[in-house]
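**Q** Mind looking over this structure? Questions follow.
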Amino acid sequence: MHAALLHVDALVKGYRLGRQSIEVLRGLSLHVAQGEMVAIMGPSGSGKTTLLNCLCGIDAPQSGTVTVAGDRIDYRDERARTLLRRKRIGQVFQFFNLIPTLTVAENVGLPLLIDRDRRHRDGKRVREMLALVGMSERRDHLPFQLSGGEMQLVSIARALVHGPDLLLADEPTGNVNPQVGRSIMRILRDTARRQGSGVLMVTHSPEHAAWADRVCFLKDGIIASELLHKGQADAPAPIHARLLALGI
Numbered sequence: 021m022h023a024a025l026l027h028v029d030a031l032v033k034g035y036r037l038g039r040q041s042i043e044v045l046r047g048l049s050l051h052v053a054q055g056e057m058v059a060i061m062g063p064s065g066s067g068k069t070t071l072l073n074c075l076c077g078i079d080a081p082q083s084g085t086v087t088v089a090g091d092r093i094d095y096r097d098e099r100a101r102t103l104l105r106r107k108r109i110g111q112v113f114q115f116f117n118l119i120p121t122l123t124v125a126e127n128v129g130l131p132l133l134i135d136r137d138r139r140h141r142d143g144k145r146v147r148e149m150l151a152l153v154g155m156s157e158r159r160d161h162l163p164f165q166l167s168g169g170e171m172q173l174v175s176i177a178r179a180l181v182h183g184p185d186l187l188l189a190d191e192p193t194g195n196v197n198p199q200v201g202r203s204i205m206r207i208l209r210d211t212a213r214r215q216g217s218g219v220l221m222v223t224h225s226p227e228h229a230a231w232a233d234r235v236c237f238l239k240d241g242i243i244a245s246e247l248l249h250k251g252q253a254d255a256p257a258p259i260h261a262r263l264l265a266l267g268i
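Offset between the sequence shown (1-based) and the numbering used here: plus 20.
Here is the structure:
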């Protein structure tokens, strides 16, 4: 396995709710290697989304470090975190986050346009990403003309268009049918294995977590357990057993 592409050490993050302080992440540490796909599982409210927000720089942790492809993101100001996120990280959201007035191709090319990337000019990179996710024939459609599964495929193409070192996916199969869910998992796994990116995915589904090389179980603000699974997509039983043992 390659050296860590994502390295998280002793991450602490909490929030204020009135006079009450709520600690969400309590010294969490994890890593994702280049070419590795890692799944995060945990009960509702365990801090999975907070973790992703800290990893991509939307939120700043109170303490601890987050390093992506050799660049620390945790200590930077908001603008610097945004610039690093645009350069190093791709994000896939549960609810797609497509711009409704832009076509499929325009949505996919948006990260290149924002960064004034020369690859936006001839559209070749956008065509490659649409072909990757099987959406070439829908390039001129608007989001409202797509199914939920198709919108998620477009959001994955958009997340990959700039060639990120790290892909973060928050419940990427949560709003799609099983067939599209399998297609999404195959794309994510191939992104890690063929392109060498690191993939970190939050999921509630043992069947989808089974596609990952490792499964990390988040409980009480830390990684309570890890399972080396090696991408055995047809063998979710050990994941079910570990969830049961942890009471998740």
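Quick reminder that beta carbons are idealized off the backbone N, C-alpha and C, glycines included.
Roughly how far, in whole angstroms, is the beta-carbon of Asp185 from the beta-carbon of Val112, given that I think they are within contact range, below 8 Å?
**A** That pair is no contact at about 15 Å.
**Q** Is the Cβ-Cβ distance between Ala89 and Leu25 less than 8 Å?
**A** Yes, these two residues count as a Cβ contact at 8 Å.
**Q** Take Gln215 as the anchor and find which of Gly55, Gly201 and His51 has the nearest alpha-carbon.
**A** The shortest C-alpha separation from Gln215 is found at Gly55.
**Q** Buried or exposed: which applies to Gln172, given that a residue is buried once 16 or more other Cβ atoms fall within 10 Å of its Cβ?
**A** Buried: at least 16 other Cβ atoms inside 10 Å.
**Q** Going by C-alpha distance, which of Pro226, Gln252, Gly77 and Arg234 is nearest Ala261?
**A** Checking every option, the nearest Cα to that of Ala261 belongs to Pro226.
**Q** Where does Lys250 fall in DSSP's three states?
**A** The answer is coil: DSSP assigns Lys250 none of H, G, I, E or B.
**Q** Expressed to the nearest angstrom, what Euclidean distance is found between the alpha-carbon atoms of Ile204 and Thr193?
**A** Going from the Cα of Ile204 to the Cα of Thr193 covers about 7 Å.
**Q** What is the DSSP secondary structure of Gln199, reduced to helix, strand or coil?
**A** Helix.
**Q** Have a look at Asp91 and Lys107 and give me their C-alpha separation to the nearest angstrom.
**A** Their backbone Cα atoms lie some 11 Å apart in a straight line.
**Q** Does the distance from the C-beta atom of Ile268 to that of Pro63 stay below 8 Å?
**A** A contact, by the Cβ cut-off of 8 Å.
**Q** Short check: CB of Asp29 to CB of Gly84, under 8 Å?
**A** Yes, they are a contact pair.
**Q** Applying the 10 Å Cβ sphere with the 16-neighbour rule, what's the burial state of Ile93?
**A** The residue in question, Ile93, is buried, as its Cβ has 16 or more Cβ neighbours within 10 Å.
**Q** Within the same chain, show all residues whose beta-carbon is closer than 7 Å to that of Ser175, passing over the 5 residues directly before and after it, in chain order.
**A** Once the five neighbours on either side are set aside, the close Cβ partners of Ser175 are Val112, Phe113, Phe116, Asn117 and Leu118.
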